[in-house]
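**Q**
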Amino acid sequence: MQGRPIKIAVKDTVLIKGPATIRLQDGEAEVLGIPLSYEEPIFVRRNKILPIEPITTPTYITATFGQSGCILQKQTKAGTKIWAKAKDLLAPTPPKVRRLMIVGASDSGKSTLTTYLLNLAVAKGIKVGVVDADIGQSDLAPPGCVGGAVIERQVIDLRDVKGSVLEFVGSTSPMGIERVVIMAVRRAVERISGQQPDLLLINTDGYVDGEGAEYKVKIGESISPDLILYISTEPRSRLRERLIERFGVEKVLTLEGAGIEKSSSERAERRMSQFYRYLKQGKVIRRRLSECKFTFLGREYAINPENISTTGKLEICDTSDLTILSSERKLILPRRVLGGMFVGLGGEVIEGFGCVMQCDEGDKIEILTPLHIFQKIHLSLIRLNEKLRDERIPHRDLNLYTEPLKKEDVC
876 MQGRPIKIAV
886 KDTVLIKGPA
896 TIRLQDGEAE
906 VLGIPLSYEE
916 PIFVRRNKIL
926 PIEPITTPTY
936 ITATFGQSGC
946 ILQKQTKAGT
956 KIWAKAKDLL
966 APTPPKVRRL
976 MIVGASDSGK
986 STLTTYLLNL
996 AVAKGIKVGV
1006 VDADIGQSDL
1016 APPGCVGGAV
1026 IERQVIDLRD
1036 VKGSVLEFVG
1046 STSPMGIERV
1056 VIMAVRRAVE
1066 RISGQQPDLL
1076 LINTDGYVDG
1086 EGAEYKVKIG
1096 ESISPDLILY
1106 ISTEPRSRLR
1116 ERLIERFGVE
1126 KVLTLEGAGI
1136 EKSSSERAER
1146 RMSQFYRYLK
1156 QGKVIRRRLS
1166 ECKFTFLGRE
1176 YAINPENIST
1186 TGKLEICDTS
1196 DLTILSSERK
1206 LILPRRVLGG
1216 MFVGLGGEVI
1226 EGFGCVMQCD
1236 EGDKIEILTP
1246 LHIFQKIHLS
1256 LIRLNEKLRD
1266 ERIPHRDLNL
1276 YTEPLKKEDV
1286 C
């Protein structure tokens, strides 16, 4: 199929939405800091948007589009040019700013900026670590997880990299479980920092409204960034005000937003593709519930806990109510909720993922997973249907009104 010829003026940027194949025909251009070559085409994933930017002269490219792929727009004020202040941070080698936290609303361009800075740094021989804390649209891990990796090559899409560090959260939204997410981000940052990168980029989720502003401040407090890159999408922002108030104006660099809003169907399709990526080639593994350890939202549980001071009791019940109930000492799990639940698997660290097929009325659980050996099952609030579309499982904390007190608890 012959590609569509496109001319790009020096001052312009063309945004290409995939699926597409891009070939350089004449001139010089780059995508996210990577120079285009005449020999190697650029492949753009479905619904992925990439900016094509001339360097010094007008550029001619050809683009071959798949279904729904297109030229999104051609304009002057777009692409990575608007992030010149962030680019300048990498001028010294090694960079003086070693830990960057990137914040902003959904679709503001956080992942694009993270990838751009990664590519610029790698081109200078800088060892780069990336922590992806966007648990709803994660690149380095499946949805519901914080992923991290030390990356030594330039990439067009962070999904081309699998995280070497995985922290399981168990939800695609941080709302209501902010403490769990903050702890997971902190652990991932500590583990990647242990590999001694020269530059660490921490990308965050788009939860910024309401309690989201305070949540982002608490993430900053837990990981101590040298600088916070705030991507602005509105004239006034409570988040920006709180970041400056807490960390000081000298530690908050405001950048212009460069994202394109995704539709809800595009978001769902992206999550589905990530679930498939980590579950493909899976086989059904059977385990006895009594032989497994469990975690849920950062807490440890077991069918028969040996030490009730450190491990809560897991109870699986047959009920029409599909709400998970939990406290530090007890987790009540409706049996029907387990079918389709996305889970993390491993030992002391996450080693793989699975989807629960069924939990019988005895002591057996069946999990579809590529992993063969695991000792711990990390439960979640994510349920997958046959097409890997996800839905949120309802959850409620146990309290004095929902959890009967034992006699020894009454004074």
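For the sequence shown, this note's numbering gives the first residue as 876, with consecutive numbering after it.
Yeah, the Cβ is synthetic: ideal placement off N, Cα and C, and Gly gets one too.
1. Return helix, strand or coil for Val1124, following the three-state DSSP convention.
2. Locate the beta strand (DSSP E) running through Ala1024, then write down its first and last residues.
3. Buried or exposed: Val1003, going by 16 or more other Cβ atoms within 10 Å of its Cβ?
4. Could you have a look at Val1030 and say whether DSSP puts it in helix, strand or coil?
5. If you draw a straight line from the alpha carbon of Pro1180 to that of Ile1207, how long is it in whole angstroms?
6. Below 8 Å on the Cβ atoms is my contact criterion, and I expect Ile1052 with Val1064 to pass it. Report the Cβ-Cβ distance as a whole number of Å.
7. How close, in whole Å, do the beta carbons of Ile927 and Val889 come, if the pair is a contact with beta carbons under 8 Å?
8. Within the stretch 1137-1211, note down every full alpha helix (DSSP H) run reaching 4 residues or more, in order along the chain.
9. Please confirm whether Leu1118 and Lys960 have their CB atoms less than 8 Å apart.
10. Under 8 Å: do the stretch 1253-1268 and the stretch 1145-1158 share three or more Cβ pairs, one atom per stretch?
11. Would you mind stating whether Gly908 and Ile1106 have Cβ atoms separated by less than 8 Å?
12. For Arg1240 versus Arg1162, is the C-beta distance shorter than 8 Å?
13. Going by beta carbon distance, what residues of the same chain come within less than 6 Å of Pro1269, once the five residues before and after it are set aside?
14. If you run the structure through DSSP and keep just helix, strand and coil, what is Gly1132?
15. Do Gly893 and Thr937 count as a contact pair if the criterion is CB distance below 8 Å?
16. Counting only the same chain and skipping the five closest in sequence on each side, list residues whose C-beta sits under 6 Å from that of Gln1156.
17. In angstroms with no decimal places, state the Cα-to-Cα distance between Lys956 and Thr932.
18. Helix, strand or coil: which one does DSSP assign to Glu1266?
19. Taking 8 Å as the threshold (C-beta atoms), are Pro880 and Arg898 in contact?
20. Could you give the uninterrupted runs of the alpha helix (DSSP H) lying entirely in the stretch 929-998, keeping only those of 4 residues or more?
21. In angstroms, rounded to a whole number, what distance separates the CA positions of Val1127 and Leu1243?
22. Could you check what DSSP says for Gly1219 in three-state terms: helix, strand or coil?
23. Relative to the alpha-carbon of Ser1165, which residue among Leu993, Glu1109, Ser1039, Ile1252 has its alpha-carbon at the smallest distance?
24. By a C-beta neighbour count over all protein chains shown, 10 Å radius and 16 as the cutoff for buried, is Pro929 buried or exposed?
25. Taking Gln900 as the reference, which of Ile891, Asp887, Lys882 has the closest Cα?
26. Examine the Cβ distances between the stretch 1069-1086 and the stretch 994-1011 and report whether three or more of them are shorter than 8 Å.
27. With Lys892 as the anchor, note down where its beta strand (DSSP E) starts and where it stops.
28. Assuming Cys1192 and Arg1210 make a contact with CB atoms under 8 Å, what is their CB distance in whole Å?
29. Identify, in the order they occur along the chain, each residue of the same chain with its Cβ nearer than 6 Å to the Cβ of Arg1271, setting aside the five sequence neighbours on each side.
30. Over what stretch of residues does the beta strand (DSSP E) that includes Gly1229 continue unbroken?
31. Taking the continuous alpha helix (DSSP H) assigned at Arg1066, which residues delimit it?
**A** Taking the coordinates as given:
1. In the displayed model, Val1124 falls within a helix according to three-state DSSP.
2. Where Ala1024 is concerned, the enclosing beta strand (DSSP E) stretches over 1020-1026.
3. Note on Val1003: 16 or more other CB atoms within 10 angstroms of its CB, so buried under the neighbour-count rule.
4. Val1030: coil per DSSP, three-state reduction.
5. Note on geometry: alpha-carbon atoms of Pro1180 and Ile1207 lie some 14 Å from one another.
6. Rounded to the nearest angstrom, the Cβ distance from Ile1052 to Val1064 is 18 Å, too far for a contact under 8 Å.
7. Their Cβ separation, rounded to whole angstroms, is 5 Å, which keeps Ile927 and Val889 in contact under 8 Å.
8. With a minimum length of 4 residues, the continuous alpha helix (DSSP H) runs that stay inside the stretch 1137-1211 are 1139-1154.
9. One thing to note: Leu1118 has its Cβ no nearer than 8 Å to the Cβ of Lys960.
10. Counting Cβ pairs under 8 Å, three or more are found: they touch.
11. Against a cut-off of 8 Å, the Cβ pair of Ile1106 and Gly908 comes out as no contact.
12. The residue you asked about is not Arg; residue 1240 is Ile in the sequence shown. At a Cβ-Cβ threshold of 8 Å, Ile1240 and Arg1162 count as neighbours.
13. The answer, listed in chain order, is Thr1198.
14. Gly1132 falls in the coil class under three-state DSSP.
15. At a Cβ-Cβ threshold of 8 Å, Thr937 and Gly893 do not count as neighbours.
16. Only Pro1245 meet the Cβ criterion.
17. In this structure, the straight-line span from the alpha carbon of Lys956 to that of Thr932 is close to 15 Å.
18. Of the three classes helix, strand and coil, the one that applies to Glu1266 here is strand, per DSSP.
19. It is not a contact, given that the beta carbons lie outside the stated cut-off.
20. DSSP runs (the alpha helix (DSSP H)) wholly in the stretch 929-998: 959-963, 985-998.
21. For the pair Val1127 and Leu1243, the Cα-to-Cα distance works out to about 44 Å.
22. Here Gly1219 carries a strand assignment [DSSP, helix/strand/coil].
23. Ser1165 has its Cα closest to that of Ile1252, out of Leu993, Glu1109, Ser1039, Ile1252.
24. It counts as buried.
25. Minimum Cα distance to Gln900 is reached at Lys882.
26. Yes: at least three Cβ pairs fall under 8 Å.
27. Taken as a continuous stretch (DSSP letters only), the beta strand (DSSP E) holding Lys892 covers 888-892.
28. Distance from Cys1192 to Arg1210 at the Cβ level is roughly 7 Å; contact confirmed, criterion being Cβ atoms closer than 8 Å.
29. Counting only residues of its own chain and dropping the five nearest sequence neighbours on each side, Arg1271 has a CB closer than 6 Å to the CB of Thr1198, Leu1200.
30. Where Gly1229 is concerned, the enclosing beta strand (DSSP E) stretches over 1225-1234.
31. For Arg1066, the enclosing alpha helix (DSSP H) stretches over residues 1053-1068.
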